[in-house]
Amino acid sequence: MRPPVPQRTHRRLLAATATAALVLGGLAVTTTSAAQAAPVGAGSYTTTPVGPLPGGCGNIATNPRQFATAAAPPGPVPTNDWWSSLLWKRLNCSFSEPLHAHPVAYQPVTDGLGFSATSTATITGTATGVGEYKYPYVEDIRVGVTGLGAPNVLVDDWTDWTVTPYWSDGSRTLRATIGHGLPFTYFRSSGGDALINVTGGSPTIWSNSGNAIGFTVRGHDYVAYAPTGATWTVSGGRISSNLAGRGYFSVALLPATTDATARSQLANTYRTYAHAHVTGTRVTYTYNQATSRVETQYAFTTTPREGTETRTVVSLYPHQWKALTGATPITPTYPSPRGRMKVLTGVAEFRTSMQFHGVLPEVPAVATGAGADLTTLRQHLAAVRSNPMDQRGNDTYWTGKGLGRAARIAEIADQVGDTETRTAALNAIRSTLTDWLTASPGETERLFYYDQRWGTLIGYPASYGSDQELNDHHFHYGYYIAAAATLAKFDPAWARQDQYGGMIDLLIRDANNYDRADNRFPYLRDFDIYAGHDWASGHGAFASGNNQESSSEGMNFANALIQWGQATGNTAVRDAGIFIYTTQAAAIHEYWFDVNDENFPAAFGHNNVGMVWGDGAAYATWFSAEPEMIQGINLLPITGGHLYLGYHPAYNSRKYAELVRNNGGEPTVWQDIHWQFLALGDADAALTKLRANPGYTPEEGESRAHTFHWVRNLAALGRVDTGVTADHPLAAVFNRNGARTYVASNISANPLTVRFSDGTQLSVAAGRTATSGAHTWSGGSGGGGVPPTPGPTPTPTASPSPTPTPTNPPSSSPTRYLLSGGGLGSAGTAGSTTVSSAGGGNYDGTPRNPVVFTATGLNFNHSGGQTAFDLQLDAGTAVGNGVQVRISYDLTGDGSWERVETYRYFATDPVTGWENYTQAAGLHSSSGSLGNLRGGTVRVEVWSAIGNAPSTLGIGNRSVVRLPFS
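Structural data, given as structure tokens:
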């Protein structure tokens, strides 16, 4: 947690010389050839780099298309995909990390393309602690061209869920089209015979007739299809064909079967489509507001290399086949890290139909007989009035968390008529967003930079790799967009395109560009269209493929699009949000929660995971091994847009029970997040826990006011009722003991009638949230105050800059630098020391071979604040390192430690250069309490919690601890 810092507003950028105009969603935007500034309405972004930028192998930093061929699609390069390490080479500068397409995984190498069809999960860890299941890349075969020795692999093409790697050694070439759900891999080659090297053991040939050969490797059945007139020759572990000089072939993985006849029938069925090469994929979606359904079409473009067949074979993930319409899968199925994949043969498209159950700006204030509880809520609101954001850091993520907190406070304060708190929260949101959405030449903080080469908008200060790795833009920017949607309800002038709405639209387009015609950003950057969920890593350069931890923060982005689109009348944004939200909700229930107990391996032992990887999933996080955080990271933030967490209410109690089991008792951190999740399944139990623990510490983006409002009202409303839908996106139904409550929010300026699928109608006044029934907070407004008349948006002015920390603080200063020799004192000469490796072990929370720094004889008065620190770390190119710090206070110097604070470890990146580990990582654990130092001692211990390589710690004037004393 970082302390708030004084805010410095940014003046609107002035256009430089040689300006040009382009159209941004109907809004004229000025760009500059001097790459200095670009106004967008009243806001602006900079086109001059102000901080670290994406990087990787060769000159990719300045040329992201370095590893694309001239034939590759024009426009911005896609990132955050399952195949990103092929184009964005960051660690493997010649080829890529394994590409987990499903049902096949691939590994490009110098002589071709490796295939893996791992069908049995590898499970590590325990059923009560950190653990994971993986379907790791284990090569069966390698497909290429005789004699091929390419120095690298390039990208020749990409579509919505396929990619085409390209090899050339000057004499031979190979192209291979691979994709999600494709049992076929389609090849074009030149300069030699097609060659299949069996690398996973001796092949069993079970069919070799004409142009098709069937063989089994490691229990996996493959068929290679050459052109008509060609044959295959087998020599040991090598299978080759001259392709009758026609230069194309395909290789298919068959669904597993122990029946030889069924296997032959499958091979013959696949033969029909073997030469209809998939050359394009495309998604289209529609939101039918009247029926509240999302209809999605997944279409394939094929090129017949021979014959006239244009249909193909595809396999569907569980979230797809469970919503499939108009087609029937065949059997058997494919195993995958996401569960069983079902097969469709002879299709040019398939369609799914999913129910959208609605979202709300916030749950309504309806608690019956709540006089005393209303008083409690008002007290909680008054307590946060002076600091509604409670911002813990100055970067994009922690600013976003603060904005999210303030938005929740504004929504609930409005519902209960607390206009003073609502105004304070809205003012905090307005001033913060206005600051970030404007930029001035020469400034480097609290602004956005557009990089045309990468097609991305980066906020600075960045965090968690959002700059150098393009990680997590949907996580960070979702908070900004959601807060802007709340502000837009009360200050619609601020949200106009010619004010700050244009900049919000750019944040949306960067993370998930919904407009295919906009060539400044890749289409749906962070959202994997076929997998149905986001990916967090920009480059995905991991052996396990790409990954995503906080699915709920991804849903926060999707909900933000719905809320913003509805508030501003932009149905394209709204419908994109509904498509992402509905699809991803289904994926989360399948792949993060496995609510039907069908997809996780039976021996895994967990009913939820913290992270989904390309090759599996893990009950773990990047930052903590604590069960509360492993489970909680896929719940926060709790908002009216997170009602999907209540679609399977019985599961909520099961998940909470696992948390208690694995934690060895009730949660001790992030209790509010877990109580709010439990409330969607068993609100009475959640309310009992909340009332019994009034002294809990709120999660960094939460407030006591919001948690109490959420849990208390759900205890009155009951569970989310998915059996009834509405013809309005901001509507939901709840059911308590068979009694339904209908809720709808109208954020427009005109009255609205909402019709529910069971015939119920609800009239909603302008600017109000309406509920069926008479149960409301005693003395409240019934949920949904009338929007205030907005005043003029204040013109940003420069605030005084914070006083800098002296380079050499006096010896009596509570600001202490980590010094050579193990001291804590005034700044010294810049230097470094080594933090020894964890040796592959896990020492999270337990110091092992720490580097120790100590100050003694200290006399300070406790100021009531919290410890702050900023440690410079560098793990070089080492992958998987995590460094941890513990700070201990002996208040009287008698050898007993009255206060011990252990912070969550900091996961360093594999890129040479300093990174900053601060208190924003949050506490792993703490004990005791602080008081005045009288001849006291402070000790700082730094060690490697995880990893196989040492790390470097900056000392002298590089790493500092700011003690909470005066």
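Heads up: the sequence shown at position 521 corresponds to 503 in this note's numbering, and the numbers run straight through without jumps.
Ideal Cβ positions, reconstructed from N, Cα and C, are used throughout, including at glycine.
Residue 629 and residue 385 have their C-alpha atoms spaced approximately 27 Å apart.
In this structure residue 644 is in contact with residue 110, their Cβ atoms being roughly 5 Å apart against a cut-off of 8 Å. According to the DSSP secondary-structure assignment, residue 89 is paired through a beta bridge with 96. Within the same chain, Cβ atoms closer than 6 Å to the Cβ of residue 271 are found at 709, the five residues on either side in sequence being excluded.
Residue 402 counts as exposed, since fewer than 16 other C-beta atoms from the protein chains shown sit within 10 angstroms of its C-beta. In the three-state DSSP reduction, residue 418 falls in the helix class (H, G or I). Setting aside the 5 residues that flank it on each side, residue 62 is surrounded in the same chain by 507, 508, 517 and 520, each with a C-beta closer than 6 Å to its C-beta; the list follows chain order. In this structure, the alpha-carbon of residue 176 lies about 18 Å from that of residue 189. Nearest to residue 481 by alpha-carbon distance, out of 412, 494 and 295, is 412. The residues 32, 33 and 442, in chain order, have a CB closer than 8 Å to that of residue 426 in the same chain once the five nearest residues on each side in sequence are set aside. If you look at residue 195, you'll find it in the beta strand (DSSP E) that goes 194 to 199. The stretch 236 to 243 makes contact with the stretch 197 to 207: 3 or more CB pairs, one atom from each, lie closer than 8 Å. Contact check between the stretch 76 to 90 and the stretch 154 to 172: three or more CB pairs, one atom from each, fall below 8 Å, which counts as touching. The way I'd put it, the stretch 304 to 312 doesn't touch the stretch 677 to 697; fewer than three beta-carbon pairs between them come closer than 8 Å. For secondary structure counted as the alpha helix (DSSP H) over 4 or more consecutive residues, the stretch 521 to 571 holds these complete runs in sequence order: 533 to 550. About 4 Å separates the beta carbons of residue 928 and residue 864, which is inside the 8 Å limit, making them a contact pair. By the C-beta criterion, the stretch 284 to 304 is judged to be in contact with the stretch 253 to 260, since at least 3 inter-stretch pairs fall below 8 Å. Counting along the chain, residue 154 sits inside no beta strand (DSSP E), nor does DSSP assign it H or E at all. The Cβ atoms of residue 363 and residue 396 do not sit closer than 8 Å to each other. Under the DSSP definition of a beta bridge, residue 889 partners with 864. In this structure, residue 285 and residue 261 form a Cβ contact; the two beta carbons are roughly 5 Å apart against a cut-off of 8 Å. In this structure residue 746 touches residue 733 by the C-beta definition: roughly 7 Å separates them, less than 8 Å. In the structure shown, residue 303 falls within a helical segment according to DSSP collapsed to helix, strand and coil.
Burial of residue 574 is indicated by the presence of at least 16 other C-beta atoms within 10 angstroms of its C-beta.
Within the same chain, Cβ atoms closer than 6 Å to the Cβ of residue 894 are found at 858, the five residues on either side in sequence being excluded. With a 10 Å radius around the Cβ and a threshold of 16 neighbouring Cβ atoms, residue 655 comes out buried.
In the three-state reduction of the DSSP assignment, residue 609 falls in the helix class. When the alpha-carbon of residue 695 is set against those of 718, 102 and 684, the nearest one is in 718. Bounds of the alpha helix (DSSP H) holding residue 692 are 686 to 699. Closest in alpha carbon position to residue 701, among 912, 727, 635 and 461, is 635.
If you draw a straight line from the Cα of residue 83 to the Cα of residue 134, it is about 20 Å long. Straight-line spacing of the CA atoms in residue 713 and residue 847 works out to 42 Å.
Judged by DSSP secondary structure, residue 719 falls outside any alpha helix (DSSP H); it is assigned neither H nor E.
Between the stretch 352 to 371 and the stretch 327 to 342, the count of Cβ pairs shorter than 8 Å is below three; the stretches do not touch. For residue 638, the uninterrupted alpha helix (DSSP H) segment begins and ends at 631 to 645. A residue is called buried once 16 or more other Cβ atoms fall within 10 Å of its Cβ, and residue 896, having fewer, is exposed.
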